[in-house]
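Using the numbering used here, you'd call the opening residue of the sequence shown number 13 and step up by one each time. Beta carbons are placed, not taken as given, at the ideal position from N, Cα and C, and that holds for glycine. No experiment lies behind these values; they were computed from the predicted model shown.
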Amino acid sequence: KGMLAWQRTAFHFQPQKNWMNDPNGPLYYKGWYHLFYQWNPDAAVWGNITWGHAVSRDLIHWLHLPLAMVPDHWYDINGVWTGSATTLPDGRIVMLYTGATEEMVQVQLLAEPADPSDPLLLRWAKSEANPILVPPPGVGLSDFRDPTTAWLNPTDSTWRITIGSKNPEHAGLALVYKTTDFVHYDLLPSLLHLVHGTGMWECVDFYPVSTTSRPGGEIGLETSVPPGPGVKHVVKVSLDDDRNDYYAIGTYDAKDDTWTPDDAAIDVGIGLRYDYGRFYASKTFYDPVGRRRVLWGWIVETDSERADILKGWAGLQSVPRTVLMDTKTGSNLLQWPVVEVENLRMRGKSFDGLAVPPGSVVPLDVGKASQLDIEAAFQVHLDSSVAGGAEGAESYNCSASAGAAGRGVLGPFGLLVLADEGLSEQTAVYFYLVKDANGKFTTFFCQDALRSSKANDLDKKVYGSLVPVLDGENLSVRILVDHSIVESFAQGGRTCITSRAYPTKAIYDSARVFLFNNATNVNITAKSLKIWEMNSAYIRPYPSSV
Ligand code: DQQ
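What follows is the structure in structure tokens.
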């Protein structure tokens, strides 16, 4: 095993070496899931961007394939940047992506499978018509990138795509183009949307969600499902300014190709985030087999560039997540690891009804704890708590707090993962309740990476935000632990947090997991707690003899 080999993950997608960033053009074709990604073939830092390519039968086990596209034309010689796939009704695949030209101008490009009969889609043909779009008048030459999956506008049955940009006043915005053949495009007069002060919108995503639960479970919607009763549309943007992915739920008006958020106070770019940790440049696709919408996101490193060069790689993809509207709250999405992740579960242990009194740390004997899937539901005995001073909800902020080490009346409590025996290293995943003057509770969900490693060349933070909790619900969390990543989903995926950890002691067999309650005045019961050791996924190299 090489330098820092224990930081490599076992069931998160990553290339064998070097730098990876955005997921690109995910799609399903002839029995295979395809994932493309921004990849530097030469180093563990960003540059020389190509499209890496891998295929899977189940979104978990992967076979690496040769590069799908490399910079080899004047229009993409400075990088084959991010793009999206569209599956046409006749099964044809259209790939739209951004190229950085020899002059560093951002242009949009078209590629199609060179051999549509090949389920692995090994070879890609860049269109003779490239570039199919250049920055329109008034748009900055380097503010025009990342075309979306196309959708059919129901009013005239022609295709639309949207592309992120910003205006000179620093408003983020999404341009809309109309096309019938993916070669010729018309820029439409209205923007899909614009939000002041948000800056460049990278990697815009736009898709419908169902607002109703259906018998047999909720399902995802194909990208061209038109607006109408029971359908809302999500806009997601990746803000270059703060490197986070923001979304909002709203209504798509197909008449003029505009979108309006349900609640302007939480408009896209200023409201909800997919993930409150490190998660960027994400993209969804519709999986026709699972009838679900699946989300991939780039998980950024929080170690130094020097460390990345030493370890020889940088960047992970999140576990693929299904995305649904939360029909219970009606105001947020739910993200959850695709069900196939559960096939990696091996030995499971249950610890039901464990009491976690104030000030305690409870070790959980699970054997190896560097690859885990954890599901926990907590009962908070509010009757046991002394009323405590009435703290307003304003009085807690995960990022500004002392994290798991801080002590409040009703929090923090939760789990410590990637911890060593002596707790000198730990990532805390926790809840923190605040009671306001009217006796109403607000729940925060946080992840504390401040003590995630003894190493000090790291960006260590407490991440988190509010999580909606409805009457009668327990507090619940799902946590995926995978060597150097902790991916957490609270209340069925209403609020998600992904953080990186680079433990020096809590590695391989030395990693442990604990329950903790650092609240001063509330008893917690882990009502149900299941912990599975996770198998490693097969993520195999492309056979060099082929
Ligand atoms: N990464 C790509 C761009 C995109 C950015 C370049 C987002 O297309 O805007 O690697 O991380």
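For residue i and residue j, I'd like the C-alpha separation in whole angstroms.
i	j	result
residue 24	residue 494	8 Å
residue 37	residue 448	46 Å
residue 134	residue 122	16 Å
residue 190	residue 332	30 Å
residue 366	residue 428	15 Å
residue 246	residue 434	45 Å
residue 188	residue 16	45 Å
residue 70	residue 97	19 Å
residue 165	residue 391	47 Å
residue 467	residue 147	44 Å
residue 334	residue 286	12 Å
residue 492	residue 160	29 Å
residue 347	residue 30	29 Å
residue 411	residue 425	16 Å
residue 534	residue 371	10 Å
residue 13	residue 140	Annotation note: pLDDT 46 at residue 13 (below 50); position unreliable, no value reported.
residue 421	residue 143	60 Å
residue 368	residue 540	12 Å
residue 90	residue 61	8 Å
residue 315	residue 19	11 Å
residue 109	residue 157	8 Å
residue 538	residue 389	6 Å
residue 378	residue 477	29 Å
residue 102	residue 265	26 Å
residue 393	residue 536	6 Å
residue 58	residue 343	36 Å
residue 214	residue 282	15 Å
residue 432	residue 519	8 Å
residue 92	residue 114	12 Å
residue 94	residue 104	20 Å
residue 504	residue 288	15 Å
residue 130	residue 554	16 Å
residue 450	residue 499	34 Å
Got a sec? Which residues, its chain only, sit under 6 Å from residue i by beta carbon, not counting five neighbours each side?
i	result
residue 551	74
residue 244	221, 223, 261
residue 544	357, 360, 385
residue 419	530, 532
residue 65	48, 77, 80
residue 6	This structure cannot speak to residue 6, because the chain is shown only from 13 to 558.
residue 231	303
residue 490	387, 501
residue 26	328
In its own chain, which residues sit with a C-beta less than 8 Å from the C-beta of residue i, not counting the 5 before and 5 after it?
i	result
residue 100	106
residue 203	185, 186, 187, 188, 270
residue 233	219, 220, 221, 222, 243, 298, 305
residue 55	30, 31, 321
Might you give, ordered along the chain, the residues of its own chain that have their beta carbon closer than 7 Å to the beta carbon of residue i, omitting 5 neighbours on each side?
i	result
residue 407	446
residue 5	The displayed coordinates of the chain run from 13 to 558. Any statement about residue 5 would go beyond what the structure contains.
residue 153	117, 118, 147
residue 211	178, 182, 184, 251, 252, 253
residue 291	257, 309, 311, 330, 510
residue 126	135, 136, 137
residue 496	19, 21, 512, 513, 514
>> Ignoring anything shorter than 3 residues, give me the beta strand (DSSP E) runs that lie fully in the region 343-414, in order along the chain.
In response: 345-349, 357-362, 366-368, 372-376, 383-393
> Of all the beta strand (DSSP E) runs that stay within the bounds of the region 276-319, which reach a length of 3 or more residues?
Replying inline: 292-299, 304-311
>> For the pair the region 452-470 and the region 505-520, tell me if three or more CB-CB distances fall below 8 Å.
In response: yes
> Could you give the uninterrupted runs of the beta strand (DSSP E) lying entirely in the region 94-118, keeping only those of 3 residues or more?
Replying inline: 105-112
> Which parts of the region 424-456 are runs of the beta strand (DSSP E), unbroken and 3 residues or longer, counting only runs that do not cross its ends?
Replying inline: Correct list: 425-431, 439-447.
>> Below 8 Å, how does it come out for the region 297-310 and the region 478-493: are there three or more Cβ pairs, yes or no?
In response: no
>> At 3 residues or longer, what runs of the beta strand (DSSP E) sit wholly inside the region 105-192?
In response: 105-112, 118-125, 136-138, 163-165, 170-178, 184-191
>> Taking contact to mean 3 or more Cβ pairs, one atom from each stretch, closer than 8 Å, check whether the region 253-270 and the region 161-173 are in contact.
In response: yes
>> Check whether the region 318-331 and the region 251-258 touch, using three or more Cβ-Cβ pairs below 8 Å as the test.
In response: no
> Okay, do the region 336-352 and the region 40-55 touch, 3+ Cβ pairs below 8 Å being the bar?
Replying inline: no
> Unbroken beta strand (DSSP E) runs of length 3 or more, entirely within the region 483-545: which are they?
Replying inline: 487-494, 497-502, 507-512, 524-529
> In the region 190-221, which residue ranges form an unbroken beta strand (DSSP E) of at least 3 residues, counting only runs that do not cross its ends?
Replying inline: 197-199, 205-207
> Can you list the beta strand (DSSP E) stretches of 3 or more residues lying completely in the region 49-82, in chain order?
Replying inline: Taken in chain order, the unbroken stretches of beta strand (DSSP E) that lie wholly in the region 49-82 and span 3 residues or more are 62-68, 74-81.
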